[in-house]
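Using this note's numbering, the first residue of the sequence shown is number 1175, and each one after it goes up by one.
Ideal placement from N, C-alpha and C gives every residue a C-beta, glycine not left out.
Given the structure is predicted, the values throughout are model-derived calculations rather than measurements.
Written out below as structure tokens is the structure these notes cover.
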Amino acid sequence: MRRAKFKLSKWMLDLQERRGPNRAAVALANKLMRIRMGNHNKNEEYQPKLADTEF
1175 MRRAKFKLSK
1185 WMLDLQERRG
1195 PNRAAVALAN
1205 KLMRIRMGNH
1215 NKNEEYQPKL
1225 ADTEF
């Protein structure tokens, strides 16, 4: 299993295992667009959060 540094990466890897790579890619594109639009509307920059898991 691959390790994720950021929460979004962990979410993507977990989703990919559950739903497969194609659905995960579409879900990731949707999530990134929602993050982008939310930040754009608030005039903010995206600040990724670190994953809570320890390696």
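- Note the first and the last residue of the continuous alpha helix (DSSP H) segment covering Q1162. This structure does not reach residue 1162, given that the chain is present from 1175 up to 1229, and the question cannot be answered.
- Query: Looking at the structure shown, is N1196 part of a helix, part of a strand, or coil, going by DSSP?
  - Reply: As a first step, residue 1196 must be located in the sequence shown, where it is residue number 22. N1196: helix per DSSP, three-state reduction.
- How about A1203 and Q1190: do their beta carbons lie closer than 8 Å? Walking along the sequence shown from the start, residue 1203 turns up at place 29. Walking along the sequence shown from the start, residue 1190 turns up at place 16. In this structure, Q1190 does not lie closer than 8 Å to A1203 by Cβ.
- Task: To the nearest angstrom, report how far apart G1194 and W1185 are at their CA atoms.
- Result: Position 20 of the sequence shown, counting from 1, holds the residue named residue 1194. Position 11 of the sequence shown, counting from 1, holds the residue named residue 1185. Rounded to the nearest angstrom, the two C-alpha atoms are 13 Å apart.
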